[in-house]
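Going down the list, the protein sequences come from chains A and B.
Going by this note's numbering, the first residue of the first sequence is number 533, and it counts up by one from there.
Going by this note's numbering, the first residue of the second sequence is number 922, and it counts up by one from there.
Quick reminder that beta carbons are idealized off the backbone N, C-alpha and C, glycines included.
Remember, predicted model here, so these are calculated numbers, not experimental data.
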Amino acid sequence: MEPLAIDEAVARIAPGMMVALPPEYCGVAMAATRELLHQGTGGLHLLAVPQSGLQADMLIGAGRVATVEAAAITLGEQGPAPRFTAAVKSGTIRMVDATCPAIHAALQASEKGLPFLPLRGILGSDVLAHRGDWRVIDNPFGNDDPIVLLPAIRPDVALFHCEMADSNGNLWIGRRRELATMAHASSMTIATVETLYEGDLFADETLAAGVLPAAYVDAIVHVPRGAWPLAMPGHYERDSAAIAGYVAAAASAGGFAAWLAEHLARDEAA
Amino acid sequence: MSASAPFLIATLAHQLAGSRRVAVGALSPMPGSAAFLARAQGLGPRQITVLGSRSNNDFTEGGRELFDRAAQGRIDAFFLGGAQIDGGANINLVAVGDYAHPRARFPGSFGSSYLYFLIPRVILFREEHTPRTLVEKVDFISAPGTSPANVYRPGGPAALVTGRCVFAFDRAKGRFRLESVHPWSSIEEVRDETGFAFEVPAEVPTTPEPDAATLALIAGPVREQIAETYPAFAAAL
Chain A
533 MEPLAIDEAV ARIAPGMMVA LPPEYCGVAM AATRELLHQG TGGLHLLAVP
583 QSGLQADMLI GAGRVATVEA AAITLGEQGP APRFTAAVKS GTIRMVDATC
633 PAIHAALQAS EKGLPFLPLR GILGSDVLAH RGDWRVIDNP FGNDDPIVLL
683 PAIRPDVALF HCEMADSNGN LWIGRRRELA TMAHASSMTI ATVETLYEGD
733 LFADETLAAG VLPAAYVDAI VHVPRGAWPL AMPGHYERDS AAIAGYVAAA
783 ASAGGFAAWL AEHLARDEAA
Chain B
922 MSASAPFLIA TLAHQLAGSR RVAVGALSPM PGSAAFLARA QGLGPRQITV
972 LGSRSNNDFT EGGRELFDRA AQGRIDAFFL GGAQIDGGAN INLVAVGDYA
1022 HPRARFPGSF GSSYLYFLIP RVILFREEHT PRTLVEKVDF ISAPGTSPAN
1072 VYRPGGPAAL VTGRCVFAFD RAKGRFRLES VHPWSSIEEV RDETGFAFEV
1122 PAEVPTTPEP DAATLALIAG PVREQIAETY PAFAAAL
C-alpha cells in the first residue's frame, strides 16, 4: 500500500460520519485533524475511545461536530476542554455520556460481529438513566442478577497516529491495543505514521506481535510529528506551551476562532 | 490554613495500607503520588499502574485491560473524585444543574460507573470541602455509593479524604463516619462545611502530620515518579 497525501486520506472522511478517536496518551492524529478542519467536514459524530481532549475540543469549537460520545473530554493537566464545555452548556452538540469500559466493550462486540455485549457495574447510575440505547436484563444463567447490555458500536472510520508503517501497509502499534480494537470495529481505518519501516514488519517476530495487519488499514499517511502538539511516546513530549496558548485563546468563541484561523494559516505556509 | 499537597499525599497513602495492587486513573496527581509514597513506605502497594504512564503501566491489551483486571479481582484499590459527592457516597463527575442544560459541566464519568462496583477498596478524594462539593444529594449520579442486594458488587467506597478531614464509609449503613480531623480544622467546622449528615464517634482523633522521613520521600522519589505523568504538578510540589 502506497502512502497517500494527507488531504487525499482525510477526504475519505465524509460529513456526518462516526469517527473513532484514541485518548491523548495513545497517538492522536493531530495533523490529520487540522487537515479535517481545512476541508470543512461537518456534522461529525465523535466517538472517544474512551476519552478525548484537544482534538475533540478543536473540532467542536469549529462547529464540525453534531454528536460526542465519550467517557470524558478533558485537557488533562491543562484543565477542562473549553469549547466542549461551552458547547454542552449551550446545547449546540448532542452529548452522549458513557463510561470507559462500555465504549471498549461496545467496540469489542463489533470485533466479534455480535449485536451486543453485557457489562458489569453501571446499574443505578444516571449514565444508564440517560442511555435509551442500553438495556438491563436479568442474567439468563443466573438468579435475580441484573446486568447491562450495550449495543455494538461500528464507527465509520478509525483515525489515529502510530509509530510506523511498512511497505505492505502493516502498521506497528506496539502495546497500544485500543488502536487495534478501533480498527477491527470500524468500517475504515485512516492512520498517520511517525516513520516508514523498510521491509516487512511480519519478518521480525519481536515486532510482529505489535502489528496491526494491513487487512484492517485503508489509508496511511507519513506525517513526522503527526501528533503534535500532543505527545508521541518515544518521540516527543506534549507541547505544554502550545496547549496553554490554545487554552487561553479558546476561553471564548471569538478567541478560539482567531486562534484557529492563525493556526490553519500557519499550517498552509508550512 | 489549608492542606498542603504533602499532607494530603501522606493521608491518602495511609488509606492504601494493605492494598497490594493499586491502579490510578485520569486526572489524579495526588492519588498517584500517594500510591508511590505508600509503596516507598512499605505500606502494602507492590504493583502500581498509572493511566497515561509508560514506566508504571504493565498493560499490554490497551485501555480495556484496567477494566478487565478489575472485573477479574486483580486490582485491590483505586481512587475516585467528584465535582459533587453526597452522603450516600454517590459521585458526580458530569454536571451541576439540569443535565440537558447544566450550570457547570465537567469532563465526564470516566470509568467510575464501572470501577466503583468492582474494586474492593475505592478511596474518594476531593480537596475542596465545602457545602458546594459535599452535598446532600448529587445532581447526577456517575456511580452510586451503594446498590441493592441483588446487584453484583464486590467493590465500593471505603473512605473520603478532603482538605479538612477523613471520613470512613459504612457500606451496611450507607453513610459516612468522621474518622479524623486535620490539624487546622475542627468537628464544628467539618459540620458547617459539609452538606450531608454523617456519624461522629465519641473520640475523633487528629489526622497525623507527615514526619520528616515521609516529607523527604515525597520531595524525592515520589516527586520524580509522578513527574512522568503530571509534570506541572510535580514542578509545583
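| Asked | Found |
| --- | --- |
| For a contact meaning CB atoms closer than 8 angstroms, what does Pro-1023 (chain B) contact in chain A? | Val-620 and Lys-621 |
| Give me the chain B residues within the contact set of Val-659 (chain A), using Cβ-Cβ distance strictly less than 7 angstroms, ordered along the chain. | Ser-1030, Ser-1034 and Ser-1063 |
| Please report the distance separating the alpha-carbon of Leu-1055 (chain B) from that of Val-1082 (chain B). | 11 angstroms |
| Can you look up Ile-1040 (chain B) in the DSSP assignment and give me helix, strand or coil? | coil |
| Quick check: Leu-796 (chain A) and Leu-569 (chain A), are their CB atoms within less than 8 angstroms of each other? | yes |
| Taking Ala-1137 (chain B) as the reference, which of B:Ile-1012, B:Arg-941, B:Ala-961 and B:Pro-1078 has the closest Cα? | B:Ala-961 |
| Consult DSSP for Gly-701 (chain A) and reduce its assignment to one of helix, strand or coil. | coil |
| Using a threshold of 8 angstroms, state whether the C-beta atoms of Pro-745 (chain A) and Asn-702 (chain A) are closer than that. | yes |
| Residues of chain B with a CB under 8 angstroms from the CB of Gln-583 (chain A): which are they? | Ala-947, Pro-1028, Gly-1029 and Phe-1031 |
| For Asp-594 (chain A) versus Leu-792 (chain A), is the C-beta spacing smaller than 8 angstroms? | Checking the sequence, you will find Ala at residue 594 (chain A) rather than Asp. Closer than 8 angstroms, so yes. |
| Would you say Glu-609 (chain A) lies against chain B (beta-carbon separation less than 8 angstroms)? | yes |
| On the three-pair Cβ rule with 8 angstroms, is the region 965–979 of chain B touching the region 1005–1021 of chain B? | no |
| So is Ser-949 (chain B) buried or exposed if we call it buried at 16+ other beta carbons inside 10 Å? | buried |
| Taking only runs that begin and end inside the region 560–588 of chain A, name each unbroken alpha helix (DSSP H) of 4 or more residues, in chain order. | 562–571 |
| How would you list, in chain order, the residues of chain B whose beta-carbon sits under 9 angstroms from the beta-carbon of Ala-602 (chain A)? | Pro-1028 and Gly-1029 |
| Could you compute how far the alpha carbon of Met-590 (chain A) sits from the alpha carbon of Met-951 (chain B)? | 29 angstroms |
| For the region 622–633 of chain A, enumerate the residues whose C-beta is nearer than 9 angstroms to any C-beta of chain B, in chain order. | Ser-622, Gly-623, Met-627, Asp-629, Ala-630, Thr-631, Cys-632 and Pro-633 |
| Residue range of the alpha helix (DSSP H) that Glu-769 (chain A) falls in? | Looking at the DSSP string, Glu-769 (chain A) is not in any alpha helix (DSSP H), and its letter there is neither H nor E. |
| What span of residues does the beta strand (DSSP E) with Asp-989 (chain B) cover, start to end? | Per DSSP, Asp-989 (chain B) belongs to no beta strand (DSSP E); it is in the alpha helix (DSSP H), 985–992. |
| For Gly-963 (chain B) versus Leu-937 (chain B), is the C-beta distance shorter than 8 angstroms? | no |
| What does Leu-739 (chain A) reach in chain B if we use C-beta pairs closer than 7 angstroms? | Result: empty, since nearest Cβ-Cβ is about 15 angstroms, beyond 7 angstroms. |
| Beta-carbon separation of Gln-583 (chain A) and Ala-543 (chain A) under 8 angstroms? | no |
| Report back the beta-carbon spacing between Ser-1034 (chain B) and Ala-1064 (chain B) to the nearest angstrom; my notes put them in contact at under 8 angstroms. | 5 angstroms |
| Please list the partners that Pro-612 (chain A) has in chain B, where partner means a Cβ-to-Cβ separation under 9 angstroms. | Arg-1026, Phe-1027 and Pro-1028 |
| By Cβ distance, which residues of its chain are closer than 7 angstroms to Phe-788 (chain A), with the 5 residues on each side in sequence left out? | Gly-593, Arg-615, Ala-781 and Ala-782 |
| Could you run through the region 998–1017 of chain B and flag, in chain order, every residue whose CB is less than 7 angstroms away from some CB of chain A? | Val-1015 |
| Rounded to whole angstroms, how far is the Cβ of Ala-684 (chain A) from the Cβ of Ala-641 (chain A), which I believe are closer than 8 angstroms? | 4 angstroms |
| Is the shortest distance between the beta-carbon of Arg-652 (chain A) and the beta-carbons of chain B less than 8 angstroms? | yes |
| Is Arg-1053 (chain B) helix, strand or coil when you go by DSSP? | coil |
| Pick from B:Ile-969, B:Glu-1114, B:Gly-1076 and B:Ser-925: whose alpha carbon is nearest that of Ile-1040 (chain B)? | B:Gly-1076 |
| Tell me the DSSP bridge mates of Asp-1091 (chain B)? | B:Arg-1096 |
| Looking at chain B, which residues of the region 705–727 of chain A have a Cβ within less than 8 angstroms of any of its Cβ atoms? | Arg-707, Arg-708, Arg-709, Glu-710, Leu-711, Ala-712 and Thr-713 |
| By Cβ distance, which residues of its chain are closer than 7 angstroms to Asn-671 (chain A), with the 5 residues on each side in sequence left out? | Asp-677 and Ile-679 |
| Determine the direct distance from the alpha carbon of Ala-613 (chain A) to that of Gly-1003 (chain B), and round the result to whole angstroms. | 17 angstroms |
| My assumption, with CB atoms under 8 angstroms, is that Glu-567 (chain A) sits in contact with Ile-605 (chain A). Please give the rounded CB distance. | Actually they do not touch by this definition, with Cβ atoms about 21 angstroms apart. |
| Taking Cβ-Cβ distances below 8 angstroms as the criterion, which residues of the region 750–766 of chain A are in contact with chain E? | The chain inventory of the structure shown lacks chain E, comprising the protein chains A and B. |
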